[in-house]
Amino acid sequence: MDFLRPDTLAEALALKAQRPDAVPIAGGTDVMVELNFDHRRPAALLDLTRIAELRSWDSAGGNGDGGTVRIGSGVPYTRIIDELGDRLPGLAMASRTVGSPQIRNRGTVGGNLGAASPAGDTHPVLLAGDATVEAASTRGTRLIPATEFYLGVKRHALEPDELITAVHVPVTRAPQQFAKVGTRNAMVIAVCSFAVALHPARQRVGAAVGSAAPTPRRASAAEEFLSAELTSANQWESPKPLLDSVKRRFGELVAEAANPIDDVRGSAAYRKHALSVLARRTLDWAWRDYSEKVT
Amino acid sequence: MSLTPAELTSAVAGGIGSSPQRPDGNLKVRGEFAYASDLWHEDMIWGATLRSPHPYARILSIDLTEALQVPGVYAVLTHEDVRGKNRYGLEHKDQPVLAEDIVRYQGEPVALVGADHPETAQRAMKRIKVKYEVLTPVVDMETAVDDTPLHPGGNLVRHVPVRRGDQHAEAEVVVTGRYEVGMQDQAFLGPESGLAVPAEDGGVDLYIATQWLHVDQGQVAAALGLPLERVRLTLSGVGGAFGGREDLSMQVHACLLALHTGKPTKMVYNREESFYGHVHRHPAVLYYEHGADRTGKLVYVKARIYLDGGAYASSTPAVVANSATLGVGPYDVDNVTVDCWGVFTNNPPCGAMRGFGAVQSAFAYESQMDKLAEALGMDPVDVRIVNAMSEGSVMPTGQVVDSAAPVAQLLKLVKDKPMPPLSTAVDLRDMPGGVSNTTHGEGVVRGVGYAVGIKNICFSEGYDDYSTARVRLQIINGEPAALAHTAAAEVGQGLVTIMQQIVRTELGVERVTILPMDTSIGNGGSTSASRQTYVTGGAVKAACAAVREKLAKLAGGRDLAGVDLVGLLGDDVIDETVEWRHRATEPIDPETGQGNAHVQYGFAAHRAVVDVDVELGLVKVVELDCAQDVGKALNPQAVLGQIQGGSAQGLGLAVMEEIQTEGGKVRNPSFTDYLIPTVLDMPPMSIDVLELADPNAPYGVRGVGEPPTISSTPAIVAAIRAATGLALTRVPVRPEHITGT
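Read top to bottom, the protein sequences are chains A and B.
Under our numbering, the first residue of the first sequence carries the number 4, and numbering increases by one thereafter.
Under our numbering, the first residue of the second sequence carries the number 11, and numbering increases by one thereafter.
#1: At the level of alpha carbons, what is the spacing between residue 656 (chain B) and residue 196 (chain B)?
#2: Leaving out five residues on either side along the sequence, give the residues of the same chain with a beta carbon under 8 Å from the beta carbon of residue 11 (chain B).
#3: Taking Cβ positions, are residue 726 (chain B) and residue 170 (chain B) nearer each other than 9 Å?
#4: So, with DSSP's three-state summary, where would you put residue 466 (chain B)?
#5: Need the endpoints of the alpha helix (DSSP H) that residue 15 (chain A) sits in, please.
#6: Which residues in chain B have a C-beta closer than 7 Å to the C-beta of residue 276 (chain A)? List them in chain order.
#7: Out of A:217, A:51, A:54 and A:28, state which residue places its alpha-carbon closest to the alpha-carbon of residue 264 (chain A).
#8: So residue 488 (chain B) packs on residue 576 (chain B), CB below 8 Å; how close in whole Å?
#9: Does any residue of chain A bring its CB to less than 9 Å from the CB of residue 448 (chain B)?
#10: From this set, B:377, B:159 and B:279, which residue's C-alpha is nearest residue 187 (chain B)'s C-alpha?
#11: Cβ closer than 7 Å: which chain A residues qualify as neighbours of residue 647 (chain B)?
#12: Measure the alpha-carbon distance for residue 447 (chain B) versus residue 11 (chain A) and round it to whole angstroms.
#13: Does any residue of chain A bring its CB to less than 9 Å from the CB of residue 452 (chain B)?
#14: Cβ of residue 332 (chain B) less than 9 Å from any chain A Cβ?
#15: Apart from the five residues just before and just after residue 239 (chain B), which ones in its own chain have a Cβ nearer than 8 Å to its Cβ?
#16: Excluding the 5 residues preceding and the 5 following residue 149 (chain A) in the sequence, name in chain order all residues of the same chain whose CB lies nearer than 7 Å to its CB.
#17: Tell me which residues share the same chain as residue 407 (chain B) and place their Cβ nearer than 7 Å to its Cβ, disregarding the 5 neighbours each side in the sequence.
#18: State the Cα-Cα distance for the pair residue 301 (chain B) and residue 70 (chain B), rounded to the nearest angstrom.
#19: Using the Cα positions of residue 31 (chain A) and residue 416 (chain B), report the straight-line distance between them to the nearest angstrom.
#20: Residue 114 (chain B) versus chain A: which residues are under 7 Å apart at the beta carbon?
#21: Using 10 angstroms around the beta-carbon of residue 147 (chain B), count the other beta-carbons present and answer buried if the total reaches 16, otherwise exposed.
#22: Would you mind working out which of B:206, B:496 and B:625 sits nearest residue 275 (chain A), comparing C-alpha positions?
#23: Decide if residue 6 (chain A) is buried, meaning its Cβ has at least 16 other Cβ atoms within 10 Å, or exposed.
#24: What does DSSP give as the partner residues of residue 671 (chain B) in its beta bridges?
#25: What are the uninterrupted segments assigned as alpha helix (DSSP H) that are 4 or more residues long and contained completely in the segment 311-372 of chain B, given in chain order?
#26: Leaving out five residues on either side along the sequence, give the residues of the same chain with a beta carbon under 7 Å from the beta carbon of residue 443 (chain B).
#27: Enumerate in chain order the residues of its own chain whose CB-to-CB distance from residue 60 (chain B) is below 8 Å, with the five nearest sequence positions on each side excluded.
#28: Straight-line CA distance for residue 674 (chain B) to residue 663 (chain B)?
#29: Is the shortest distance between the beta-carbon of residue 106 (chain A) and the beta-carbons of chain B less than 9 Å?
#30: With 16 other CB atoms within 10 Å as the buried threshold, where does residue 237 (chain A) fall?
#31: Quick one, which of A:215, A:211 and A:290 has its alpha-carbon nearest residue 246 (chain A)'s?
#32: At a cut of 8 Å, does the segment 203-216 of chain A reach the segment 18-32 of chain B through at least three beta carbon pairs?
#33: Taking any Cβ of chain B, which residues in the segment 170-196 of chain A have a Cβ under 9 Å from it, in chain order?
#34: When burial is assigned at 16 or more other CB atoms within 10 Å of the CB, is residue 35 (chain A) buried or exposed?
#35: Quick check on residue 6 (chain A) - is its C-beta less than 9 Å from some C-beta in chain B?
#36: Output the residue ranges of the alpha helix (DSSP H) runs that lie fully inside the segment 93-142 of chain A and measure 4 residues or longer, sorted by chain position.
Structure (structure tokens):
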């Protein structure tokens, strides 16, 4: 197995073009486990840890609503939690549920995207928060909306010569929530997970489920339903407590968006049930928070 | 990394009753302690094991050609290369070192590869071609006895009936139940590993992480066809055991490769292989019927208990005996009808794990006691106290309990503890679901549950259970120095500390060195059944007494207390080796289960307070308080550690730990999907330690390690029942059970 260690992004892209079979590695929290268990023996590893520009983030268009944070694919979860929690609340919440402190010091959103596991913790918030994945190759750079990124179980929209260089996440002061169910109170892989993001400027709600379908996916019908409810009742300008019937219907639609399986972590029926509960609760927390901010 | 474990000399003072630092503590905290997986030898090769992918299959052929062609491969071995008898086992020698014509469980070793690099060994292993004829596995423990026989004698490993009193007794209040216990794993953190070094005499030196050096030695020598003295074992750093290292894993395999190639051979399992490489706790199905009068006094208990032993016998016979003889729990019952069957299936082999046999029964009988309390409208603690056994009580086996049995007192202690306050502010770490942010209080209901358990301490049923200790006393650099040597395995529990404490107390010497544990000294017995402080501690104490006798002779009748040891000993060296036995036990009657089978009984009680998110089915154990009688706390801090650890392992069984199988195949052989409690799952504990000395035991000690594992699980499940109103008859309790999904 070749171990390729580029010092610059240009070098990395050139190597990836030459060796499309090379597996990129940053924190190694996923790739190394697969190597250690002999589940995977790629012909080459492409180490991205020496590339400084992948390990930084910057704000474009200001730090207020309307701006975007571009997070290099090598920025570890710990830094997202510490440095970006005020601007990207959903992503920071999801990052806090990843593994242990040691794993959060090493693991990256870039890695989460590269693995594209349906159980990856950050996917639902990236979907609900309208994030975009930046992919680069020697041919150029393109932006892939998160909604178009996940193609199947551990499959994503990258071309073989492309690397994930960053994720672009819209800045928001509006409430976002993330919750995941696991059968342990910390350091647990998702049985199912859910993210909700309020977008008051566009009078929209984002909602997405994880670990409950072949890919992470948006709960579009739930989004449509709730967005329409809130807008028609003029709730964005003068928020009132949400009716139980609205929360319940939102939960049902979220559960309907899922297409889970029975596996060792949980039954399909439980996953659907739990998603509806998580959807009701997280919506409630986000909406209360929004109501307090507005009034 | 050095091959031979270091001697442990502690500069810390402290005799029995104090809590001196562990002599290996600093090394372990700094990450400098050499575990078996750190072993290294110049010129060593690496072994790998090819395992059966099928739970039950006939081997039609094995083709080694391509594997042998891989550069760097030194040997590829099958059962034909086993030099001695291709059978081993703790109680019945029924397990092949390498499979012959049949594989009986998924993960059964079929062939071995020795190569210059672990990666090479893996690559070559994958080139071995085995043709299997897949057979239909036997997987149901309740019907296994009438199913396809997996061994020549059929699928019944052992049936233990216990009959006492009126077999047709009737009662006013009757409660029945069917209970299930899932397959728990020991989940020790240091995987199976060892290094076999071929010796000039044609024998082998094996450095190994194990629980019982001498029983390994006997089995390894028989499989290698070597006399005992040419198979020498030294204990290497052991990263936890909990019963999972009683059976052989890679011991014979590494020795076979070493003797075949003439090269030192190292084998280390990774986590996934470890799940296939050791036995687990027996899953159980238990049918119980309790009859009581209107005051709650038990009239009779009837039980039928099935234990799934998996493919090979391992310690199933002893587990069956425990489950049966302790089957009604720590209660006075005049009329008892218990039957326990341990059976062969094609599920993973099951054997020893902390509290074995007693854990399974306790989940059922304690669930029944709660059910009885409910039927009577009684408090669950009261109904237990009405029936609590005490010193002088007669067990269902007819054995009289002849030392402290403070069952009622333990229950009162945990009941009288103050209740934890309901949390007011939202801190996710205190919530069911924890930091995953699933509730801020929604759906959370509190519940409280109690349980008490009983465990036999030391080996039972007439087993000649002893330990050997050698103690040497001499003057070194003008100061008296003692050295203690046993073959009793330190697996993390702290025996090395206890041995030093005993020598300091008995000889009045500060400087005590513990030699590495090996087979150059006599048998130390197993580090299991909560027995090492009792038995090896007893042996060290007795060896010290023998040293003192020699000193007394030197002193010519003077009182040793006032004697200057330096002057008295001069250049003399006193070196005494003693074999020490606890009082004998008896076999039980095969028809009635009657007999003085057990040496000593240990008791613990728990109160669990849980918060359950009833909508999501997630559980936070808020408090898990314990009261336990330990006879005498030789090292109070170590005692607390055992109680905390045992309780945590019981918590794991209550709410998360299970090896899930389907058609005999393991579905979750990883720490991603086999979950064990973290610090956010295990609450701080309030612990009451009673010291009611057992007059039959050295210093009055009572085994500590297992009792807390037994009562922890049923107390937590009782608390979840209290919160949810659900019957919950299976552990671990899953979110699906609570939410009905």
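Just so it is clear, CB atoms sit at the ideal spot from N, CA and C, and this is done for glycine as well.
Quick caveat, the model's predicted, so the values are computed rather than measured.
On the basis of the supplied data:
#1: In this model, residue 656 (chain B) and residue 196 (chain B) are separated by some 11 Å (Cα to Cα).
#2: A caution first: residue 11 (chain B) carries a pLDDT of 45, below 50, which makes its placement in the model unreliable, though a value can still be read off. Cβ neighbours of residue 11 (chain B) beyond the five flanking positions: 44, 48, 49 and 50.
#3: No, these two residues do not count as a Cβ contact at 9 Å.
#4: In this structure, residue 466 (chain B) counts as strand in the three-state DSSP scheme.
#5: 12-21 is the span of the alpha helix (DSSP H), which, as asked, contains residue 15 (chain A).
#6: Near residue 276 (chain A) (Cβ distances below 7 Å), the residues of chain B are 749 and 751.
#7: Per the C-alpha coordinates, the member of A:217, A:51, A:54 and A:28 positioned closest to residue 264 (chain A) is A:217.
#8: A Cβ-Cβ distance of about 6 Å is found for the pair residue 488 (chain B) and residue 576 (chain B), placing them in contact under the 8 Å criterion.
#9: Judged by the 9 Å Cβ criterion, residue 448 (chain B) is in contact with chain A.
#10: From the listed residues B:377, B:159 and B:279, the smallest Cα separation to residue 187 (chain B) is found for B:377.
#11: Per Cβ cutoff of 7 Å: no residues; residue 647 (chain B) is ~26 Å from chain A at best.
#12: About 39 Å.
#13: By this cut-off, residue 452 (chain B) is an interface position.
#14: Residue contact with chain A for residue 332 (chain B): absent (no Cβ-Cβ distance below 9 Å to any residue of chain A).
#15: If you ignore the 5 residues before and after residue 239 (chain B), its C-beta comes within less than 8 Å of the C-beta of 213, all in its own chain and listed in chain order.
#16: The answer, listed in chain order, is 129, 130, 134, 135 and 136.
#17: In its chain, beyond the 5 residues on either side, 172, 335, 598, 603, 604, 605 and 607 have a beta carbon closer than 7 Å to the beta carbon of residue 407 (chain B).
#18: Rounded to the nearest angstrom, the two C-alpha atoms are 54 Å apart.
#19: CA-to-CA, the gap between residue 31 (chain A) and residue 416 (chain B) works out to about 54 Å.
#20: Correct list: empty, because the minimum Cβ distance to chain A is about 23 Å.
#21: By the neighbour-count criterion, in which a residue is buried when 16 or more other Cβ atoms sit within 10 angstroms of its Cβ, residue 147 (chain B) is buried.
#22: Ranked by how close their Cα comes to the Cα of residue 275 (chain A), the residues B:206, B:496 and B:625 have B:625 in first place.
#23: Flag for residue 6 (chain A) reads exposed.
#24: DSSP output for residue 671 (chain B) lists B:676 as bridge partner(s).
#25: Runs of the alpha helix (DSSP H) lying entirely within the segment 311-372 of chain B and spanning at least 4 residues, in chain order: 326-335.
#26: Cβ within range, chain order: 449, 623, 626 and 628.
#27: Cβ contact annotation for residue 60 (chain B) (same chain, cutoff 8 Å, sequence separation greater than five): 119, 120, 121, 122, 123, 135, 138 and 140, in chain order.
#28: Roughly 20 Å separates the two Cα atoms.
#29: No, residue 106 (chain A) does not count as interfacial toward chain B.
#30: With fewer than 16 Cβ atoms within 10 Å of its Cβ, residue 237 (chain A) is classed as exposed.
#31: Nearest of A:215, A:211 and A:290 to residue 246 (chain A), Cα basis: A:290.
#32: With the cut-off at 8 Å, the segment 203-216 of chain A and the segment 18-32 of chain B do not touch.
#33: Listed by position along the chain: 180, 181, 182, 183, 184, 185, 186, 187, 188, 189, 190, 191, 192, 193, 194 and 196.
#34: Result: exposed.
#35: Look at residue 6 (chain A): its C-beta is not under 9 Å from any C-beta on chain B.
#36: For the segment 93-142 of chain A, the continuous alpha helix (DSSP H) assignments of 4+ residues that do not extend past its boundaries occur at 104-109, 112-118 and 126-131, in sequence order.
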